[in-house]
Amino acid sequence: MRTRYRHQEEAETAEEAARQTAEHEAMEIDRHEDEDEDIQDADAYPQEYIGPQAHEFNGHDIYGRGLGARSDYGPSEGSDTGDGWDALDTPPRTPPPIPPRTPTPPPGDDEPEDDFARITAEDYREYDRWFGEDQAELDEIVLEMLTEEEIDSIKMTAIRLFGHLSEGNYERIRYSFRNKVQFLSSYRIARKLCLLSGVTPQPYDCCINVCYAFTGEYADLEFCPNPKCKKARYEGGKPVKTWEYLPMNPRLRGLFKNSEMVTQMYYRADYVQEAGAMDEYIDGTRYKRLTRSKIVIDGEELDAFYFGGSRDIAYAVMLDGVNIFERSHKETSTCWPILAINLNLPASERVKLRNIIPLGVIPGPNQPKDFNSFLLPFVEEAIEQARGLEAYDVTRGKDFTLRAHPIFISGDMQAIKHAMEMKGPNGKLPCRGCEGCGIYHKERKTYYLPLVNPTDKPDAIPEERIDPDAPADALASLDPDNLPLRTSRRIAWQLEQMDNARNKRQYNDLARDFGLAGHSILDRIPSISRPDSYPHEFLHLFLLNHGPELVSLWAGTYQLGDNDEYVLIADDWTTIGLETVEASKTLPALFIRPLPNIATCWRLYCGESWCFWLVYIGPIVLRGRLPKKYYDHYMELVNILKCLLSLSNTTARIGQLRHEIIHYVETFEELYYQYKYDRISVCKLTLHALLHVADDVLRCGPVWVAWSFVVERFCREVTFCAKSKVVPYKTISKHVLQMSQIAAIAGQFPQIRKALLFGKNDAPSPVSRMEKPLNLWQMKKIILFFGFRLYEFFLEPPVCKRLARFFCTNYPHQTYSAWLEFIPERCERWGKLRIAKGGDKIRASAPCNPASAYGKRDASFVRYVFQKDKNEDDPDADIEMVDAIGYGCLEFILAIRFPDTDKAKDFLGDTPPFHILAHVAEAKGVEGDGTERILTFTEFGRKFILDITSIKHLAGRVHTQGVRQGGEWAIVDRAERLANTNFQVDERGG
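Take a look at the structure:
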C-alpha cells in the first residue's frame, strides 16, 4: 500500500463534506428536470480528458447537429410517433436518495482554505513517478472497464471509417440491429475515442481563403495580411474558418504502452549496418551524420546526440496536395494532408494506415499563400520532441526521456517547393538541389535548365552560363559531374542578402536571382537542413512526370517540331494501346490491375500503372516500332528504374547509377532538345532533377523509403470521405481525426488492436465450395497447397509415361518400365498453390474456367528451375549437370501416394512414399533469365513433370507484333528483388 500524499490526508475530511453538500444542492435544483441521455453521459466524463474543445459537445454532437432529447436506440416497436425514432424523449432517471447534510468544518488555524496550497515540486515528481509505475496497470483497468457495447462500437467505427460508410448509414445500422447488437451513438463513441486515444485536435483560425493561418506573428491579427484578400478573421465574434492540427506527442508516448509495438520499434536500433550497403535510410550519410552530432536548438547545444537512445524515434514528414472533387466546377478544390511516417518500424509496417501519424489537413479550396503559418504548430512540437518528452515504457516499467527527430521531408514537387520556400521554375536558379542557372523562355515565361546551351539563340544565354575559356567550337554547358550544389550555409547567406534589401523591389529581384521565396519555418527544426533533408521523390519525379512526358513525345501529343522521327506512326500507337489492354489477360492480377488503353486513356494511369508499363510493358510493345536509337535510350531509363527499385543495393552501384543517369540526360537532350531554343521546353526541371537522384539515395537511403505511395493512398481516404459538397473540409477533418484516434487506440491496447478490422484485406480469405484449405505438405517450408482438389484423378497414359520418366531419372534404382507399371492409375489432383512466406499465388490452367471472372486473368505461367547437361552440345565431353531457368504453363498438380505395403516398400527402397509434382508445358525454345533480357517464344512445346519445389514464382507474358509479323509472346518476369509499387495485400493493416 502506497503512502498517501500529505496534502491529500489533510484535505480529505473537508473535501468529502464539500462534495456531499454540492451533490445535495445540485439534486434539489435538478430533481424534476429531464436530461438528455447523451448530455448525462457527457457529464460523466472529466473535463480534462476532453481537451480544449469540450465546450463543443454541450448540447450538440461533433457532427454539428443538435442532439435534442433522444434515446440511444430509438423508439420501441409499439411506438406510433410521427416524428421518427430520433425525436422520442428519453424517460428521466429516478433521482438518487438525498444524502444527509454534513456541515462543512471551518478551516483550522494550521490548515489553509486552499487544500493544494502546500503542494511542492517534490509532490508533483512523486505523483509522476507513481503514475508512471502504474501506467500498464491503469491501461488494463481501462480495458476491463470497457463494456462489450463499447468494444463493438469501436470496431464498428473502424469499419465505418475504413469502409467509407457515412454517418447516416452508421445510424441506420445501429437502429436496425438494436435488438441484436448495441452500438454507441456517434456522439458517445466520439467521446470514448477521445478519452482512450488522448488525441485531441488543436484548432487554429485561418483566412477564409486559406491565405494565412493566424499563428505566430499573425496570431493577433483580425484581418488577413494578404493585400489582395484582407478578409476578416471573425464574424459575429466567431472565427470564420479554422483548421485542426493533430498533436503528435501524445501518440508517440502511446506507442510505448504496447509491448508488441515497443518490440517492433527497436528495428532502427537493432539494424545492422553493413559496409557499402544501401538498403535503408540508416545506411544514408544524412542519418549517420546526425548520429555523430549533438542536438542544437536555437543555438543551444544539448548534452545529447541525435538518436543516442535506442528508443529515440526517427520519422519522415510527407506533404501532398489533393483535388477532393474529380470534376470540380472550380480549379481550386484542393486540400493539403500532412502526415508522419514512423521510421522506427520495419518497412513492411511503417506504411500501413494503422501506423501512419496524420498531423492534419490544411483545408481548401485555395492553395495557402504562406505555408509557414500552417506548419508552425508542427515545428513547435518537433522542437519539443528534440528537447525530450517524458514517457513510460511498459516493457521496462519505468519512465524515460523520449526524443523524436524528423530526418527528411518528402512529397510532390509542388508541395516541397512551398515547404522549402523555393521559387522553382519561376526563379533564375530553379533547382532546389543546385545553383545551375536557368535559361528564360520569353514566350513561356519560365526558366528551363538544360545542360547544353541553345546553339541557335546565343542572346538568350545568361552570362553565368558562358565559359570564356571554352573553345569556340565546343558546346557550352553545365558540368553534370560537378554541379554547383546548394548548401545550408549558402542559402543562409542568400537569405541574409534578401533581408538586407533596401526595398521590396530589390527583395523580389534577389529572390528571383537566388530562386528563394523566403525563410522556411522548417529550418527551425534541429534535424532538418535545406536542401539535404528534401530528397527528390520517386513517384512524382519518374512515374507521374518524366515517364508520361516521354510517352507524350512518342505519341505526338507534345509536339516540338514537324516530322520528328521519334513520333510513332498512328497505326503503331493504336496497336500498342490494344496490346496493352490484351496484356492484362495474360498477366496475373498479383502483378498489376487491368491496364487501360495507353493510346486513348493514358490519363487514367496512376503511379502504379505507369511504373509497371514503363518497366515491363513498354520494352516489349515498343520493340521494333520505336527507332533503335530512341529505343536504346528508353532502355537506359528502364535500367535506371530497376536499379532504384531494387530492395538491395550498394553505394558502389549507386555511384555507377549516377554516371548512367548523366549519360541518359545528356542523350535525352541530344535526341529531343537538339540544342534548339524553340525546343528548350522539353528540358523541364523534372529532367534536370534526375541528376540529383543518385546523390539523394546516398544521403537519405533508397527511394522507397521516402516515396509518396503512402500519402497518395492516404489522399484516397480523404477524397472518399469528402462526400459533403457543403462542408467538405470539416468532414475531412473529422474523418482524419477519428482515423488517428482509432490508430492510437489500436497502438496502445493490443486487445483492441487484434479485434479491429482495418479493411477488407485483413478479413479471412473466402473459400469457395470447390476449394478446401490444406496444409498437408510443406517441403522445405517452400510450398503451401490449397484448393481445387480432385481425389480420384485418372492418370492418362501420356501423363503416366511422363511420371515414369521423372521417377526413373531421379530414382534410377528401378527401370523406366518398372516405374511405368508401378505408378497407380489414380491420384489426387490439385489446382492451386502458394509459395510460402509471402510468395506468389499460382493457379493451374487445367482446373481454371476461362469463362469465369477468376479465369480472365492467367496466373498459370511460371518460372522454374531444372537440371541440364552443361556440355549437351558436345558429345565428346563429360556430363556436367547444372541449374537452368525455364518458363512454362503449370497445367495441374499431382499428389501421388504409393501404397503402404511390404511389396511397395521393397520396390521404393529409399524413395519417399508421397510426392507432389507439377505438370508443366514449356515455353518452346526459351531458356535464360527473363529479368536480364527479353525472352520470346511463339508456342508451347513439350510437357514434362517437375518436383513442385522447382516452381519458383509467377511470370507473365505479353503478345506483340512489333518484331514478328505473325506475333510472338514476350515473357514478363517481375524480379523478386524489386520493390513492388502495388499495395493490394494487407494495405491497411489490422
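Going by my numbering, the sequence shown opens with residue 1, and the numbers climb by one from there.
Built from N, CA and C at the ideal position, the CB exists for glycine as well.
These numbers come from a predicted model, not from an experiment.
Next item on the list: Please report how far the alpha carbon of Leu221 lies from the alpha carbon of Lys238, in whole angstroms.
Entry: In the sequence shown, residue 221 corresponds to position 221, counting from 1. In the sequence shown, residue 238 corresponds to position 238, counting from 1. So the alpha carbons of these two residues sit roughly 14 Å apart.
Check: Leaving out the 5 sequence neighbours to the left and right, which residues in its chain are closer than 6 Å to Arg512 when beta-carbon positions are compared?
Finding: Locating residue 512 in the sequence shown gives position 512, counting from the first residue. The residues are Gly427 and Lys428.
Next item on the list: Can you tell me which of the three DSSP states Gln414 falls into?
Entry: By one-based count along the sequence shown, residue 414 stands at place 414. Here Gln414 sits in helix by DSSP.
Item checked: At least 3 beta-carbon pairs within less than 8 Å: the region 951-969 vs the region 925-943 -> Taking 8 Å as the limit for Cβ pairs, the verdict is that the region 925-943 does touch the region 951-969.
Next item on the list: Have a look at Ile945 and Pro346 and give me their C-alpha separation to the nearest angstrom.
Entry: Translated into the one-based positions of the sequence shown, residue 945 becomes position 945. Translated into the one-based positions of the sequence shown, residue 346 becomes position 346. Rounded to whole angstroms, the gap between the alpha carbons of Ile945 and Pro346 is 40 Å.
Checklist line | 8 Å contact criterion, which Phe793 and Ala846 should meet: CB distance rounded | finding: Along the sequence shown, read from residue 1 onward, the residue named residue 793 stands at position 793. Along the sequence shown, read from residue 1 onward, the residue named residue 846 stands at position 846. Their Cβ separation, rounded to whole angstroms, is 10 Å, which puts Phe793 and Ala846 out of contact at 8 Å.
Check: Among residues of its own chain, excluding the 5 on either side of Val972, which ones have a beta-carbon nearer than 7 Å to its beta-carbon?
Finding: Numbered from 1 along the sequence shown, position 972 holds the residue referred to as residue 972. Hits under 7 Å: Leu587, Tyr616, Ala955, Gly956, Arg957 and Val958.
Notebook entry, point to check: Excluding sequence positions up to five away, which residues of its chain have a Cβ less than 8 Å from the Cβ of Phe720?
Noted result: Locating residue 720 in the sequence shown gives position 720, where the first residue counts as 1. His164.
Check: What's the gap between the Cα of Phe806 and the Cα of Arg593?
Finding: Position 806 of the sequence shown, counting from 1, holds the residue named residue 806. Position 593 of the sequence shown, counting from 1, holds the residue named residue 593. A straight-line Cα-Cα distance of about 38 Å links Phe806 and Arg593.
Check: Can you tell me whether DSSP reads Gln494 as helix, strand or coil?
Finding: Position 494 of the sequence shown, counted from the first residue, corresponds to residue 494. For Gln494, the secondary structure class from DSSP, reduced to helix, strand or coil, is helix.
Notebook entry, point to check: In terms of residues, what are the limits of the beta strand (DSSP E) holding Ile640?
Noted result: The residue you call residue 640 lines up with position 640 of the sequence shown. Per DSSP, Ile640 belongs to no beta strand (DSSP E); it is in the alpha helix (DSSP H), Lys628 to Leu645.
Next item on the list: Going by DSSP, name the residue or residues bridged to Val972.
Entry: Taking the sequence shown and counting its residues from 1, one reaches residue 972 at position 972. BP columns for Val972 point to Gly956.
Item checked: Distance, Ser584 Cα to Pro548 Cα -> Translated into positions along the sequence shown, residue 548 becomes position 548. Translated into positions along the sequence shown, residue 584 becomes position 584. Per the coordinates, the alpha-carbon of Pro548 lies some 20 Å from the alpha-carbon of Ser584.
Item checked: Sequence-distant residues of its chain with Cβ nearer than 6 Å to Ile896 (five each side left out) -> As a working note, residue 896 is residue 896 in the sequence shown. Only Cys827 and His915 meet the Cβ criterion.
Next item on the list: Would you grab the beta carbon distance between Leu543 and Cys611 for me? Rounded to a whole angstrom, and I think it's under 8 Å.
Entry: What you label residue 543 is simply residue 543 of the sequence shown in a count that begins at 1. What you label residue 611 is simply residue 611 of the sequence shown in a count that begins at 1. Contact flag correct, Cβ pair sits at about 5 Å.
Notebook entry, point to check: What are the partner residues of Trp830, as DSSP defines its beta bridges?
Noted result: For this step, residue 830 is matched to residue 830 along the sequence shown. In the DSSP output, where bridge partners are listed per residue, Trp830 has Ile893.
Next item on the list: Report back the beta-carbon spacing between Asp572 and Arg625 to the nearest angstrom; my notes put them in contact at under 8 Å.
Entry: Here residue 572 is taken as the residue at index 572 of the sequence shown, counted from 1. Here residue 625 is taken as the residue at index 625 of the sequence shown, counted from 1. That pair is a contact at about 5 Å.
Margin query: Please classify Leu604 as buried or exposed, where buried requires at least 16 other C-beta atoms within 10 Å of its C-beta.
Written below: What you label residue 604 is simply residue 604 of the sequence shown in a count that begins at 1. With fewer than 16 other Cβ atoms within 10 Å, it is exposed.
Margin query: Could you check if Glu384 belongs to the surroundings of the ligand GTP, using beta carbon to heavy atom distance under 6 Å?
Written below: Absence of the ligand GTP is noted for the structure shown, with no ligands found whatsoever.
Notebook entry, point to check: In terms of alpha-carbon separation, which member of Glu380, Pro728, Ser533 and Tyr175 lies closest to Thr334?
Noted result: What you label residue 334 is simply residue 334 of the sequence shown in a count that begins at 1. When C-alpha distances from Thr334 are compared across Glu380, Pro728, Ser533 and Tyr175, the shortest belongs to Pro728.
Check: My guess is that Leu820 and Ser860 are in contact by the Cβ rule of under 8 Å, so how many angstroms apart are they, rounded?
Finding: Position 820 of the sequence shown holds residue 820. Position 860 of the sequence shown holds residue 860. About 27 Å; that fails the 8 Å criterion.
Notebook entry, point to check: Which whole-angstrom value describes the C-beta separation of Ile341 and Tyr315, a residue pair presumed to lie in contact below a C-beta threshold of 8 Å?
Noted result: For the purposes of this step, residue 341 is taken as the residue at position 341 of the sequence shown. For the purposes of this step, residue 315 is taken as the residue at position 315 of the sequence shown. Their Cβ separation, rounded to whole angstroms, is 6 Å, which keeps Ile341 and Tyr315 in contact under 8 Å.
Note to self: To the nearest angstrom, how far is the alpha carbon of Arg789 from that of Ile948?
What the structure shows: The residue you call residue 789 lines up with position 789 of the sequence shown. The residue you call residue 948 lines up with position 948 of the sequence shown. A direct Cα-Cα distance of roughly 16 Å separates Arg789 from Ile948.
Notebook entry, point to check: Got a sec? Which residues, its chain only, sit under 7 Å from Ala804 by beta carbon, not counting five neighbours each side?
Noted result: Start at 1 with the first residue of the sequence shown, and residue 804 comes out as number 804. Only Tyr816, Trp819, Leu820 and Ile823 meet the Cβ criterion.
Notebook entry, point to check: Bridge partners of Val920, per DSSP?
Noted result: Residue numbering aside, residue 920 sits at position 920 when the sequence shown is read from its first letter. Answer is Leu890 and Phe944, bridged to Val920.
Checklist line | Classification of Arg289 by the beta-carbon crowding that lies within 10 angstroms, buried from 16 upward | finding: In the sequence shown, residue 289 corresponds to position 289, counting from 1. Arg289 counts as exposed, since fewer than 16 other beta carbons sit within 10 angstroms of its beta carbon.
Margin query: Could you check whether the region 672-690 touches the region 523-533, counting it as contact only if at least three pairs of C-beta atoms, one from each stretch, sit closer than 8 Å?
Written below: They do not touch, by the three-pair rule.
Notebook entry, point to check: Which residues bound the alpha helix (DSSP H) around Val551?
Noted result: For the purposes of this step, residue 551 is identified with residue 551 of the sequence shown, where counting begins at 1. Gly547 to Ala555 is the extent of the alpha helix (DSSP H) around Val551.
Check: Do you know offhand how far Lys628's Cα is from Ile742's?
Finding: On the sequence shown, position 628 is the one that residue 628 refers to. On the sequence shown, position 742 is the one that residue 742 refers to. Going from the Cα of Lys628 to the Cα of Ile742 covers about 55 Å.
Note to self: If you measure between the beta carbons of Glu167 and Ser185, is that distance less than 7 Å?
What the structure shows: Mapped onto the sequence shown, residue 167 falls at position 167. Mapped onto the sequence shown, residue 185 falls at position 185. In this structure, Glu167 keeps its C-beta atom at 7 Å or more from the C-beta atom of Ser185.
Next item on the list: Indicate whether Leu389 and Pro358 have their beta-carbon atoms separated by less than 7 Å.
Entry: In the sequence shown, residue 389 corresponds to position 389, counting from 1. In the sequence shown, residue 358 corresponds to position 358, counting from 1. Not in contact: Leu389 and Pro358 (Cβ atoms no closer than 7 Å).
Next item on the list: May I ask you to list the residues that DSSP assigns as paired with Ile313?
Entry: Counting from 1 along the sequence shown, the entry for residue 313 is found at position 313. In the DSSP output, where bridge partners are listed per residue, Ile313 has Ala404.
Checklist line | Segment contact, 8 Å Cβ cut-off, at least three pairs: the region 658-667 with the region 688-697 | finding: Touching, yes.
Notebook entry, point to check: Counting only runs that start and end within the region 682-714, where is the alpha helix (DSSP H) found for 4 or more residues in a row?
Noted result: DSSP runs (the alpha helix (DSSP H)) wholly in the region 682-714: 685-689, 693-700 and 703-706.
Notebook entry, point to check: Just reading off the alpha helix (DSSP H) that Lys504 is part of, what are its end residues?
Noted result: Along the sequence shown, read from residue 1 onward, the residue named residue 504 stands at position 504. Bounds of the alpha helix (DSSP H) holding Lys504 are Lys504 to Phe514.
Next item on the list: Go ahead and pull the three-state DSSP assignment for Glu932.
Entry: Counting from 1 along the sequence shown, the entry for residue 932 is found at position 932. Coil.
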